[in-house]
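Mapped onto the numbering used here, the consecutive letters of the sequence shown carry residue numbers 9 to 146.
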Amino acid sequence: MFRAKSRDTPAWMPDWTALVHAAPVIELPRADGELYVIADAHLGDVRAPAQTFVDMLDSLPEPAGVVFMGDLFKVWLAIPKYWDVQVRSVLAAFRRLRGRGVPIVFVVGNREYFLPKTPRRLERSALPFDHVVPSNQG
Numbered sequence: 009m010f011r012a013k014s015r016d017t018p019a020w021m022p023d024w025t026a027l028v029h030a031a032p033v034i035e036l037p038r039a040d041g042e043l044y045v046i047a048d049a050h051l052g053d054v055r056a057p058a059q060t061f062v063d064m065l066d067s068l069p070e071p072a073g074v075v076f077m078g079d080l081f082k083v084w085l086a087i088p089k090y091w092d093v094q095v096r097s098v099l100a101a102f103r104r105l106r107g108r109g110v111p112i113v114f115v116v117g118n119r120e121y122f123l124p125k126t127p128r129r130l131e132r133s134a135l136p137f138d139h140v141v142p143s144n145q146g
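Put into structure tokens, the structure is as follows:
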């Protein structure tokens, strides 16, 4: 747990108080299985092929939940008309996980744009996530 600054906190350490109070609490309905936290895939070039990522998602043993910590693609415009084959295949893999009852949380990174910022917009979108935690970058 983060603690707010105190007299003992070094001057260079950020004050996490606002972040802690603004962070959403997300409960996973299943207690059994594994919680997978994945970050910074940067998919979309030869060094990070989408198919390898899709295969990894499809083979997660006993997932109780998946939290993706941003930067899924090199750059991702989350408007369907901009989705190429790679984006669609990765989102289909997340959709298959959700179809198995696995909740998926997506924390927006600095390479994702136009993701829904409210639960209602997420519900109306074509995205396969249970929660989207917006970036603090505006």
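Backbone N, C-alpha and C fix where the C-beta goes; we use that ideal spot for every residue, glycine too.
Among the options, nearest to residue i - alpha-carbon criterion
i	options	result
Ile34	Leu135, Trp84, Val113, Arg96	Val113
Glu120	Leu68, Ala86, Asp40, Phe76	Ala86
Ala47	Lys82, Arg106, Leu36, Asp92	Lys82
Val116	Asp63, Gln94, Val140	Val140
Asn118	Glu70, Pro142, Pro124, Val75	Pro142
Asp92	Leu36, Ala58, Leu68, Glu70	Ala58
Leu105	Val54, Asp53, Arg128, Pro69	Pro69
Ser67	Ser133, Tyr90, Leu135, Phe102	Phe102
Phe122	Pro37, Pro88, Tyr44	Pro88
Val54	Ser133, Tyr44, Val75, Gln94	Gln94
Continuous beta strand (DSSP E) stretch holding residue i: start and end
i	result
Phe76	71-76
Phe114	112-115
Val140	139-141
Span of the alpha helix (DSSP H) around residue i
i	result
Leu43	Premise fails: Leu43 lies in the beta strand (DSSP E), 42-46, not in any alpha helix (DSSP H).
Glu131	127-132
Residue i - DSSP class collapsed to helix/strand/coil
i	result
Leu99	helix
Asp66	helix
Val54	coil
Gly81	This sequence places Phe at residue 81; Gly is not what is there. In this structure, Phe81 counts as strand in the three-state DSSP scheme.
Ile87	coil
Own chain residues within Cβ distance below 7 Å of residue i, not counting five before or after
i	result
Phe61	Ala49, Leu51, Val98
Asp40	Ala72
Leu130	Pro124, Phe137, Val140
Ala56	Ala49, His50
Residues near residue i by beta carbon distance below 6 Å, same chain, minus five either side
i	result
Met77	Ala47, Val115
Val75	Val45, Val113
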